[in-house]
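The block underneath contains the structure these notes are about, expressed in structure tokens.
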Amino acid sequence: MSAPFIHPSAVIEPGAEIGDGARIGPFCHVGAEVVLGRDCELVSHVVLAGRTHVGPRTRIFPFASIGHPPQDLKYRGEASTLTIGSDCLIREGVTMNPGTSGGGLETLVGDHCTFLANSHVGHDCRVGDHVIFSNNVMLAGHCSVGDYAILGGGAAVIQFARVGAHAFVGGLSGLENDCIPYGMVLGNRATLSGLNIIGLQRRGFAREDIHALRRAYRLLFAPEGTLMERVEDVAATFESHTAVREILDFIRVGGKRSICTPREVPTPISAA
Numbered sequence: 000m001s002a003p004f005i006h007p008s009a010v011i012e013p014g015a016e017i018g019d020g021a022r023i024g025p026f027c028h029v030g031a032e033v034v035l036g037r038d039c040e041l042v043s044h045v046v047l048a049g050r051t052h053v054g055p056r057t058r059i060f061p062f063a064s065i066g067h068p069p070q071d072l073k074y075r076g077e078a079s080t081l082t083i084g085s086d087c088l089i090r091e092g093v094t095m096n097p098g099t100s101g102g103g104l105e106t107l108v109g110d111h112c113t114f115l116a117n118s119h120v121g122h123d124c125r126v127g128d129h130v131i132f133s134n135n136v137m138l139a140g141h142c143s144v145g146d147y148a149i150l151g152g153g154a155a156v157i158q159f160a161r162v163g164a165h166a167f168v169g170g171l172s173g174l175e176n177d178c179i180p181y182g183m184v185l186g187n188r189a190t191l192s193g194l195n196i197i198g199l200q201r202r203g204f205a206r207e208d209i210h211a212l213r214r215a216y217r218l219l220f221a222p223e224g225t226l227m228e229r230v231e232d233v234a235a236t237f238e239s240h241t242a243v244r245e246i247l248d249f250i251r252v253g254g255k256r257s258i259c260t261p262r263e264v265p266t267p268i269s270a271a
């Protein structure tokens with residue numbers, strides 16, 4: 000264990016907890032209720048505020064604003080938290096806000112996530128592990144993003160929307176409906192354009208699993224019947240396939256938004 004390094008120009012308020020081996024560069028400001036994990040690095044000009052907990056080995060670059068009050072006009076100063084996992088990379092100008100009373104009072108970011116310059120995580124969001132936000136991604140309040148999802152540059156996700164695990168949201172897409180796990184959505188407004196095949200291949204999914212997902216996708220978004228009827232048909236056909244079940248569970252659970260569908264379907268189909 001080694002003592003943290005704190006540049007003389009940095010401001011560390013009394014009460015802040017700084018982990019062993021942490022490095023705090025010039026002109027950073029760390030608030031009184033912040034917990035900074037071991038071996039974290041604040042490169043320079045970083046501000047950590049509020050009840051923010053940053054996990055070990057996370058690196059944060061200049062002009063990131065982490066933990067300031069939620070950008071929600073209903074917020075009245077209630078005690079809320081922002082928790083960021085371990086081994087995250089948070090680049091220049093990133094903003095992340097804590098929760099509100101309308102969303103459980105907490106914002107959660109998982110481990111091994113990457114947030115490129117000027118991306119935003121809104122209040123009450125839930126972001127899984129190994130998620131990547133490219134530059135200027137905007138995640139509104141109350142959203143959830145599953146493990147290994149990737150959001151391309153300039154993508155915007157409306158409040159309360161869900162992005163499933165292993166999904167891909169194309170650059171400049173405006174997502175106003177839920178994106179299924181393993182799905183790929185493109186456009187403004189975004190429509191489902193298939194599965195994130197490249198992502199599946201990069202993560203080592205077996206060829207037979209990818210073929211099964213493709214068959215399930217074609218059945219799920221066929222023109223016959225309702226979405227929930229097709230869900231039950233696919234469940235019977237792919238009863239033992241874990242990845243397909245993940246998509247079906249995502250649709251069955253539902254959320255406040257409809258499911259994002261392919262362009263051939265003229266209007267979004269509700270999961271309810």
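The sequence shown finishes on residue 271 if you use numbering that gives the first Met the number 0, and the numbering steps up by one all the way, no holes.
Ideal placement from N, C-alpha and C gives every residue a C-beta, glycine not left out.
Is it buried or exposed, residue i, if we count other Cβ atoms within 10 angstroms and call 16 or more buried?
i      : result
His122 : buried
Ala235 : exposed
His240 : buried
Ala160 : buried
Pro7   : exposed
Thr225 : exposed
Ala139 : buried
Ser79  : buried
Phe4   : exposed
Gly203 : exposed
Between residue i and residue j, what straight-line distance do the alpha-carbon atoms span, to the nearest angstrom?
i      : j      : result
Ala271 : Glu231 : Confidence at Ala271 is low in this model, with a pLDDT of 49, below 50, so the placement of that residue should be treated as unreliable; the coordinate-derived value is given next. Rounded to whole angstroms, Ala271 to Glu231 spans 14 Å at the Cα level.
Cys87  : Glu228 : 41 Å
Val45  : Gly101 : 28 Å
Glu223 : Pro69  : 44 Å
Phe132 : Ser118 : 7 Å
Gly30  : Pro261 : 46 Å
Arg213 : Ile23  : 48 Å
Ala215 : Ala166 : 16 Å
Tyr74  : Val53  : 23 Å
Asn76  : Asp208 : Inspection of the sequence shows that residue 76 is occupied by Gly rather than by Asn. Going by the C-alpha atoms only, they are around 48 Å apart.
Glu91  : Glu105 : 23 Å
Leu185 : Ala63  : 28 Å
Leu115 : Val243 : 31 Å
Val252 : Asn176 : 14 Å
Gly66  : Ala211 : 42 Å
Lys255 : Gln200 : 31 Å
Asn96  : Leu72  : 13 Å
Ala9   : Tyr147 : 34 Å
Val136 : Val168 : 10 Å
Asn195 : Leu247 : 16 Å
Phe237 : Ala205 : 16 Å
Glu12  : His28  : 8 Å
Thr272 : Pro55  : Look at the range of the chain in this structure, 0 to 271, and you will see that residue 272 is not part of it.
Gly98  : Glu16  : 21 Å
Would residue i and residue j qualify as a contact pair, given that the criterion is a beta-carbon distance under 8 Å?
i      : j      : result
Gly170 : Val144 : no
Phe249 : Ile179 : yes
Arg188 : Gly198 : no
Cys39  : Gly18  : yes
Ile89  : Arg50  : no
Ser85  : Gly36  : yes
Cys124 : Cys112 : no
Val33  : Phe60  : no
Gly163 : Gly182 : yes
Gly109 : Val93  : no
Thr82  : Leu47  : no
Under a three-way DSSP split, which group does residue i fall into?
i      : result
His210 : helix
Gly153 : coil
Phe4   : strand
Ser143 : strand
Asp232 : helix
Arg161 : strand
Arg202 : coil
Val252 : helix
Glu40  : strand
Ile258 : strand
Leu107 : strand
Ile196 : helix
Arg22  : strand
Ser100 : helix
Ala12  : Per the sequence shown, the amino acid found at residue 12 is Glu instead of Ala. Note: Glu12 maps to coil in three-state DSSP.
Val184 : strand
* Asked: Would you call the region 212-227 and the region 153-173 in contact, with 3 or more CB pairs under 8 Å?
  -> no
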